[in-house]
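Colleague:
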Amino acid sequence: MIVEAHKETLEFKAEVSQVLDLVIRSLYSNKEIFLRELVSNASDAAEKLRFEALSDDGLYEGDTELRIRVEMDKDAGTLTISDNGIGLGRVEVMETIGSIASSGTRRFIESMSGDQAKDSKLIGQFGVGFYSAYIVADKVTLISRRAGLGAEHGVRWESDGRGSYTLETVEKAMRGTDVILHLKEEEKEFLDSWRLRSIIGKFSDHIALPVEMRKEFYGEEAEAKKDEPPEYEQVNRGTALWMRNKSEITEEEYHDFYKHVSHDFEPPLAYAHNRVEGTNEYTALLYLPKKAPWDLWDRDQKHGVKLYVKRVFIMDEADKLMPHYLRFVKGVVDSDDLPLNVSREILQHNRKIDTIRQANTKRVLGLLETLAADDAEKYGAFWDEFGRVIKEGPAEDFANKERLSSLMRFASTHREDDAQRESLDAYIERMKEGQDKIYYITADSATAARHSPHLEVFRKKGVEVLLLSDRVDEWLVSHLTEYKEKHFQSVTKGDLDLGELADKEEKEAKEKAAAEHGSLLERLKTALGERVEAVRPSTRLVDSPACLVVGEHDMSANLSRVLKAVGQNAPESKPTLEVNLDHPLVKRLESESDEGRFSDLGMILFDQAQLAEGGQLDDPAGFVARLNSLMMKMMMAGG
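Numbering (my numbering), first residue to last: 42 to 680.
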């Protein structure tokens, strides 16, 4: 059949050109990685064919023996990685190779630091496996045909990675993909058979289908076979690593498999390998990464572990096998008794999936508990990377709320360094005699929280307060209301209840002062009008003149700011102004007879209280004008 050529030259999208430029400049620290990535892609293509063939075995086209072949041509200086997997159509080639199909690509580019060591790890997390070919090649040719299409629907893609690529229609008898690397002159070491076999054994031994190379003959035997068709032999073990006995698997093999499933460059932080038998039989191999993937917070990005049924690949990102707050976990689940026609809809309503999900969750939490108990420093590094995600857990997973709470770490007033985190168990151990609550404050940053005037009485009494500054913390405390029968209490909400920690004489003195200074409180309420719900004496303040407090069941000022920052409407609630009756500024205010000046001073007091807790003023120009006026009067009086 004669195929009418349809050839065009196209430009890479800008983001792809930038990624290619980084790769070509050898950001990968280990050049061998390119072969691991390309063999891994070929393996994925074979697994996708197996899955699609479950409902259409015609896709096999009479060839059910899936394999990957690595061939070298020393005369041409080329290395070819071929598979007979699902293959690609013309549009798929343009979408998957001519562009990087990710809404977060620009953020990925922007996160590049210029540090080659750091950026190489970032590229690994991004997963641009195909582009790793340009580490060793100055030109790459890809020839592919999607299974089920005729031979005339082959497509040939070629590029030197410098801004453009050519795309043309070709005839390809066999389904699948051939990736041909035209090696750079200085990379011809990868045309050595022993070198290639060694790399495949190192990185791809676990791939669950054969990786083949030409069988080599020497001497008279080579001469006798030179005109015969080439013979191929398997050079990897070709058995699913997760199905092997744990005692037979080395740590290096576990680490290499993690790099295969995650496209990460670093070894995992920890892993768990379990075989479950009984009414629901399956094997799970789960990994905790060391570093958060760059797209961890990308809502459009899918996350999850790989799902197999009886070693047949079903789904690449089976999110139903792991709760969303553990979306960073990588690995494989292989079930013996899920239906082979499993689909996303079935996954959502299958009881066995729920059982696997619950068991996976407990296994990962167990891994984290062990890590926290055995290596606090390593767990601290994990928390810095993934802590904000774990904090989503109590709202999503009520059954494991207590275990999740024990894993959480927070900055607190117990330490001066905000980078040092405390567990809730450690907090409870340090609680003062008579203390029955876990006190916390939420703010835009740990520094803002630490210096909040709301903490003054706690600092005076030596009571520890947790400093919550992640955006997710507001969501967390709305669902995590107690731990080990100790209730959480915001220090910025409602009347301050210190329980048995309160000083009886101090409280009586405050009540007496409130009665004595009733006229001041009324004048302030009148001056501030609808800006405040009430004005009252404070039991929180020691050094500051005033602070703002919301009702016990009202939205915190910090949450209101967070919602507004993301374009959400926040219910309006008026704060209460608490004043420190012992503060010189408040005493000076009380003696002010000029009502206009009293009103200005009252507004300055209110605005300062807003600023002290990280709020924004409704009328900053008015605040500046009142402050300038006050300063001018002071200067004139002093002059």
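Where a beta carbon is used, it is the ideal one built from N, C-alpha and C, also for glycine.
Tell me the rounded alpha-carbon separation between Ala142 and Arg187.
Modeller: Caution is warranted here: a pLDDT of 37 is assigned to Ala142, below 50, making its placement in the model unreliable, and the coordinate value is therefore given only provisionally. C-alpha separation (whole angstroms): 19 Å.
Colleague: So what's Phe53 in DSSP terms, helix, strand or just coil?
Modeller: Reduced to three states, the DSSP call for Phe53 is coil.
Colleague: Check this for me: beta carbons of Ser632 and Ala568, under 8 Å apart or not?
Modeller: No. Outside cutoff.
Colleague: For Phe258, which option in Pro270, Ile184 and Leu642 has the closest C-alpha, if you only look at C-alpha atoms?
Modeller: Ranking the options by Cα distance to Phe258, first place goes to Pro270.
Colleague: One question on the structure: do Ile482 and Tyr468 come within less than 8 Å of each other, judged by their Cβ atoms?
Modeller: Cβ distance not < 8 Å, so Ile482 and Tyr468 don't count as in contact.
Colleague: Closest by CA to Glu227, which one among Gly204, Asp179, Glu274 and His247?
Modeller: Cα-wise, what sits closest to Glu227 is Asp179.
Colleague: Taking the DSSP output, what are the residues bridged to Pro309?
Modeller: In the DSSP output, where bridge partners are listed per residue, Pro309 has none listed.
Colleague: Between the Cα of Asp538 and the Cα atoms of Ser585, Glu593, Pro586 and Ser486, which residue gives the shortest distance?
Modeller: The shortest C-alpha separation from Asp538 is found at Glu593.
Colleague: Below 8 Å on the Cβ atoms is my contact criterion, and I expect Leu738 with Phe427 to pass it. Report the Cβ-Cβ distance as a whole number of Å.
Modeller: As displayed, the chain neither begins before 42 nor continues past 680, which places residue 738 out of reach and without an answer.
Colleague: Rounded to the nearest angstrom, what separates Ile290 and Lys256 at their Cα positions?
Modeller: For Ile290 and Lys256, the distance between alpha carbons rounds to 27 Å.
Colleague: Which one or two residues does DSSP pair with Ala325 in a beta bridge?
Modeller: Answer by DSSP bridge pairing, in chain order: Asn315 and Val374.
Colleague: Pairing CB atoms from the stretch 84-103 with CB atoms from the stretch 127-137, are three or more of them under 8 Å?
Modeller: Verdict: yes, contact present.
Colleague: Please work out which residues of its chain come closer than 8 Å, Cβ to Cβ, to Ile248, disregarding the five sequence neighbours upstream and downstream, and give them in chain order.
Modeller: If we look at Ile248 and ignore the five residues flanking it on each side, its Cβ neighbours are Val80, Ser81, Ser84, Ile109, Asn277, Gly279 and His301.
Colleague: Between the alpha carbons of Lys361 and Asp377, how many angstroms are there, rounded?
Modeller: Those two C-alpha atoms are separated by around 17 Å.
Colleague: What number of angstroms, rounded off, separates the C-alpha of Glu358 from the C-alpha of Lys419?
Modeller: Rounded to the nearest angstrom, the two C-alpha atoms are 27 Å apart.
Colleague: Within the stretch 470-525, note down every full beta strand (DSSP E) run reaching 3 residues or more, in order along the chain.
Modeller: Segments of the beta strand (DSSP E) lying fully in the stretch 470-525: 478-483 and 507-509.
Colleague: Could you compute how far the alpha carbon of Gln476 sits from the alpha carbon of Leu542?
Modeller: Distance between the alpha carbons of Gln476 and Leu542: 6 Å.
Colleague: Mind checking Met673: buried by the 16 CB within 10 Å criterion, or exposed?
Modeller: Per the 10 Å Cβ criterion, exposed.
Colleague: Counting only the same chain and skipping the five closest in sequence on each side, list residues whose C-beta sits under 6 Å from that of Asp246.
Modeller: Excluding residues within five positions, the ones whose Cβ falls inside 6 Å are Asn277 and Arg278.
Colleague: Helix, strand or coil: which one does DSSP assign to Gly217?
Modeller: Here Gly217 sits in strand by DSSP.
Colleague: If I measure Cβ to Cβ from Gly559 and keep anything under 8 Å in the same chain, skipping five residues before and after, which residues do I get?
Modeller: Once the five neighbours on either side are set aside, Gly559 has no close Cβ partner at all.
Colleague: Which runs of the beta strand (DSSP E) at least 3 residues long sit entirely within the stretch 223-277? Give them in chain order.
Modeller: Runs found: 252-255 and 273-275.
Colleague: Report the residue ranges of all beta strand (DSSP E) runs contained in full by the stretch 615-668; include only those spanning at least 3 residues, in chain order.
Modeller: Qualifying beta strand (DSSP E) stretches, in chain order: 617-620.
Colleague: Threshold first: 4 residues or longer. Then list the alpha helix (DSSP H) segments lying entirely within the stretch 540-576, N to C.
Modeller: If we require 4 residues or more, the alpha helix (DSSP H) runs fully inside the stretch 540-576 come out as 545-557 and 559-569.
Colleague: Between which two residues does the alpha helix (DSSP H) holding Phe423 run?
Modeller: First-last of the alpha helix (DSSP H) with Phe423: Ala417 to Ile431.
Colleague: Out of Leu465, Glu546 and Leu618, point me to the one whose CA is closest to Glu718's CA.
Modeller: Any answer about residue 718 is impossible in this case: the structure gives the chain only from 42 up to 680.
Colleague: Could you pull the start and end residues of the beta strand (DSSP E) that Lys89 belongs to?
Modeller: Note, Lys89: premise wrong, no beta strand (DSSP E); alpha helix (DSSP H) at Ile74 to Ala94.
Colleague: With a 10 Å radius around its C-beta and 16 neighbouring C-beta atoms as the bar for buried, classify Leu652 as buried or exposed.
Modeller: With fewer than 16 other Cβ atoms within 10 Å, it is exposed.
Colleague: Less than 8 Å separating the beta-carbons of Leu448 and Ala417?
Modeller: Not closer than 8 Å, so no.
Colleague: Is it the case that the Cβ atoms of Glu497 and Arg581 are separated by a distance below 8 Å?
Modeller: Against a cut-off of 8 Å, the Cβ pair of Arg581 and Glu497 comes out as a contact.
Colleague: Do you know how far the Cα of Ala174 is from the Cα of Phe75?
Modeller: When rounded, the distance between both Cα atoms is 5 Å.
Colleague: Below 7 Å CB to CB, which residues in the same chain sit around Gly165 once its five sequence neighbours on both sides are set aside?
Modeller: Note that Gly165 scores 42 on pLDDT, short of 50, meaning its location in the model is unreliable and no value can be drawn from it.
Colleague: Roughly how many whole angstroms lie between the Cα atoms of Thr207 and Met356?
Modeller: The straight-line gap from Cα to Cα measures roughly 32 Å.
Colleague: Hey, Ser597 and Ser531 are a contact pair by Cβ (cut 8 Å); roughly how many whole angstroms apart?
Modeller: Rounded, the Cβ-Cβ distance is 7 Å, consistent with contact.
Colleague: Would you mind reading off the limits of the beta strand (DSSP E) that contains Val196?
Modeller: Unbroken beta strand (DSSP E) run through Val196: Gly195 to Ser200.
Colleague: For Lys534, which residues does DSSP report across the bridge?
Modeller: BP columns for Lys534 point to Val591.
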